[in-house]
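Protein chains in written order, with this note's numbering: chain G, 2 to 134; chain Z, 575 to 760.
Note that CB positions come from ideal geometry on N, CA and C, so glycine has one too.
Data first, discussion second: the structure below is written as structure tokens.
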Amino acid sequence: MKQDDSTILKKYGKDPGFKVPENYFDDFNKRMAEMLPDVEITPVDVKPTMWQRIKPIVYMAAMFAGVWCMMQVFSNFTDSGNLDSVRAVAEKLQDDKSNVDEFIMSGGVSDYDILSYEDSVAMSNKADSTVDE
Amino acid sequence: MAAREKYDEALVVEQLHDPQLCKTAFGKVIEHYSSQLYWQIRRMVIDHDDANDVLQNTFLKAWTSIDNFRGDAKLSTWLYKIAINESITFVNKKKVMNQLSIDDDESFLVNQLESDEWFDGDQAQINLQKAIATLPEKQRLVFNLRYYDEMKYDEMSEILGTSEGALKASYHHAVKKIEQYLGETE
């Protein structure tokens with residue numbers, strides 16, 4: 002990408018033409034250090050806390066743990082044995098009888114209810130086939 | 575000449591809060607930052623003697639408020655902020671002294687550049703400085719920090735308290751204005 006300042010840079014460069022007296026910075030540093038007035042300094046512990054020191058390591062470990070977890074999940078999905086078990090569960094769910102069994106187990110449905118249900122299903126199937134004809 | 579001690583910012587910041595070592599530590603800060611701060615100030619105030627005064631005020635202000643520096647920001651960011659504020663205050667005072675409005679541009683600072691003994695640039699450099707001086711204060715700062723110091727926008731954002739997007743836009747506008755000014759004068 003073309004830089005914004007490329008035209009100026011090409012024509013004028015980065016030297017603004019300013020200069021300073023010889024040894025200016027050495028003299029300035031010396032002079033400045035000497036003229037510093039006395040000030041009251043409150044001692045402060047600016048050392049990083051234990052948490053601040055270990056924070057990057059903890060974050061890094063958490064990141065690797067996250068990546069590892071994602072890899073585990075991914076490998077479980079691609080594992081064919083696991084796919085088989087998922088397929089088996091899906092087939093089981095599609096099986097009407099097994100659903101009824103689950104319903105009976107959890108709902109405490111009586112035999113009379115089942116017979117009534119099967120009769121109503123048979124009746125509706127018959128009605129459907131009649132309509133189709 | 576004795577070799578200079580290696581500058582360790584973390585150690586220096588720690589020493590700045592130790593009453594026994596703070597003055598020596600601040601001496602190291604002066605030694606380390608005087609040059610880069612000087613050039614930033616000089617590009618703002620143009621004249622060497624003025625830049626010297628502003629640099630001196632910058633370090634004095636930093637030293638007298640060193641107790642407020644807790645190391646949350648980088649030392650360089652803190653010093654740049656002080657230097658920029660001092661430069662702006664100085665230029666505004668000089669405008670008042672020259673009976674100019676605060677809203678006037680800083681071209682008057684460049685007018686004496688040709689006769690300045692601490693300037694050895696050619697007419698093209700003077701024109702560039704004049705073009706920069708016509709920019710609004712913020713654009714001028716952004717241009718100087720980016721063009722001459724090659725400062726990254728994130729660092730500039732911390733110093734100037736402006737979003738990186740706004741700084742990029744400012745720089746783009748500054749460059750366009752400078753190019754237009756130079757195109758008209760040449």
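Subject >> 7 Å Cβ cut-off: residues of chain Z touching valine 21/G >> reply: His622 and Trp692
**OP:** Determine the closest residue to alanine 34/G out of Glu758/Z, Thr598/Z and Glu724/Z, with distance taken between C-alpha atoms.
**Re:** Thr598/Z
**OP:** Label phenylalanine 75/G either buried or exposed according to how many other C-beta atoms from any shown protein chain fall within 10 Å of its C-beta, with 16 as the threshold for buried.
**Re:** exposed
**OP:** Can you tell me which of the three DSSP states phenylalanine 19/G falls into?
**Re:** strand
Original post:
Who are the neighbours of aspartate 641/Z on chain G, taking C-beta pairs under 9 Å?
Top reply: Val40, Glu41, Ile42, Thr43 and Val45
**OP:** With DSSP as the reference, label methionine 2/G as helix, strand or coil.
**Re:** The predicted model places methionine 2/G with a pLDDT of 39, which falls under 50 and marks its position as unreliable; any figure quoted below should be read in that light. Note: methionine 2/G maps to coil in three-state DSSP.
**OP:** Give me whichever residues DSSP pairs with phenylalanine 693/Z in a beta bridge.
**Re:** Phe19/G
Subject >> Below-7 Å beta-carbon distance, tyrosine 13/G vs any chain Z residue >> reply: yes
Original post:
What's the C-alpha gap between cysteine 70/G and proline 57/G?
Top reply: 20 Å
Original post:
Hey, would you say serine 744/Z sits closer than 7 Å to glutamine 713/Z, going by beta carbons?
Top reply: yes
**OP:** Thinking valine 586/Z and valine 603/Z are a contact (beta carbons under 8 Å), I'd like their distance in whole angstroms, please.
**Re:** 6 Å
Subject >> Reduced DSSP secondary structure (H/G/I, E/B, other) of proline 57/G >> reply: helix
**OP:** Could you tell me whether any Cβ in chain Z is nearer than 7 Å to the Cβ of alanine 66/G?
**Re:** no
Subject >> Euclidean distance between Cα positions of asparagine 126/G and aspartate 120/G >> reply: 10 Å
Original post:
Under a three-way DSSP split, which group does glutamine 594/Z fall into?
Top reply: coil
Original post:
From Asp694/Z, Asn659/Z and Val665/Z, pick the residue whose C-alpha is nearest to that of glycine 735/Z; which is it?
Top reply: Asn659/Z
Original post:
Is the beta carbon of serine 608/Z sitting closer than 7 Å to the one on phenylalanine 26/G?
Top reply: yes
Original post:
Counting pairs of beta carbons, one from the region 625-644 of chain Z and one from the region 670-685 of chain Z, are three or more of them closer than 8 Å?
Top reply: no
Subject >> Coil, strand or helix - phenylalanine 664/Z by DSSP >> reply: helix
Original post:
Quick one: Cα of glutamine 699/Z to Cα of phenylalanine 682/Z, how far?
Top reply: 16 Å
Original post:
CB threonine 651/Z to CB glutamate 732/Z, shorter than 7 Å?
Top reply: yes
Original post:
How many Å lie between glutamine 614/Z and proline 593/Z at the Cα?
Top reply: 30 Å
Original post:
When the distance is taken between beta carbons, is threonine 638/Z closer than 7 Å to alanine 657/Z?
Top reply: no
Original post:
What do you get for methionine 618/Z, buried or exposed, if any count of 16 or more other CB atoms within 10 angstroms of its CB means buried?
Top reply: buried
Original post:
Among Leu741/Z, Asn672/Z, Leu719/Z and Lys751/Z, which has the Cα closest to the Cα of asparagine 701/Z?
Top reply: Lys751/Z
**OP:** Kindly indicate which three-state DSSP category glutamate 724/Z falls into: helix, strand or coil?
**Re:** coil
Subject >> Span separating the alpha-carbon of leucine 611/Z from that of leucine 653/Z >> reply: 8 Å
Subject >> Chain-ordered chain Z contacts of isoleucine 9/G [CB-CB under 8 Å] >> reply: Leu702, Tyr721, Val749, Ile752, Glu753 and Leu756
Original post:
Can you check whether the CB of tyrosine 755/Z is closer than 7 Å to the CB of alanine 707/Z?
Top reply: no
Subject >> Same chain, Cβ closer than 6 Å to methionine 575/Z, five either side skipped, listed in chain order >> reply: Because methionine 575/Z sits at a pLDDT of 44, beneath the cut-off of 50, its placement in the model cannot be relied upon, and the following sentence gives the value as read from the coordinates. None.
Original post:
Which one of Trp692/Z, Ser737/Z, Val716/Z and Asp690/Z has the shortest CA to CA distance from alanine 748/Z?
Top reply: Val716/Z
Original post:
How is the alpha helix (DSSP H) around lysine 635/Z delimited, first residue to last?
Top reply: 622-638
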